[in-house]
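To start, the structure itself, in structure tokens.
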Amino acid sequence: WYPDLYAGSTDLVGIYNGKETLIDFKQANRPKQREWIEDYFLQVGAYAMAHDHLYDTRIEQAIIMICTPDCYYHDFTLKGLEFRQKKYDFMERLNKYHESRKESVLQSTGA
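The opening position of the sequence shown corresponds to residue 1 in UniProt numbering, with each subsequent residue numbered one higher.
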């Protein structure tokens with residue numbers, strides 16, 4: 001949750017391999033490939049920014065942990081430049097969303 005911008009809740013924040021880390025748990029019916037989970041990356045970027053803002057932290061990385069019903073586990077880590085880029089990409093998407101909402105309101109009011 002980021003005041004006045006977006007809502008959502010983090011699954012877990014802690015220290016992983018010596019770094020402040022945001023961890024998001026996902027269930028999937030089958031294993032995922034990295035290129036299929038762009039929305040998950042944007043989501044953890046958003047959660048990290050909100051957590052940093054609300055709790056004065058500096059989340060350095062995010063891990064998306066995925067498990068299938070047959071207990072196949074795999075994870076994807078975001079850090080460094082890639083992590084920063086996903087935060088930026090999320091903000092771009094959020095800005096587009098708010099712009100489209102503003103245009104929709106203007107059209108519905110005839111302004």
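Here a beta-carbon is modelled for each residue, glycine too, at the ideal position from N, C-alpha and C.
Problem set entry | C-alpha gap between Ala-28 and Leu-81, whole angstroms | 27 angstroms
Exercise. Given that a residue counts as buried once 16 or more other Cβ atoms are within 10 Å of its Cβ, and exposed if not, what is Ile-15?
Worked result: exposed
Exercise. So, using beta-carbon positions, are Met-49 and Tyr-2 closer together than 8 angstroms?
Worked result: yes
Exercise. From the DSSP output, which residues share a beta bridge with His-74?
Worked result: According to DSSP, His-74 shares a beta bridge with Ile-66.
Exercise. Since Lys-96 is in the alpha helix (DSSP H), which residue starts that stretch and which ends it?
Worked result: Boundaries of the alpha helix (DSSP H) around Lys-96: 80-109.
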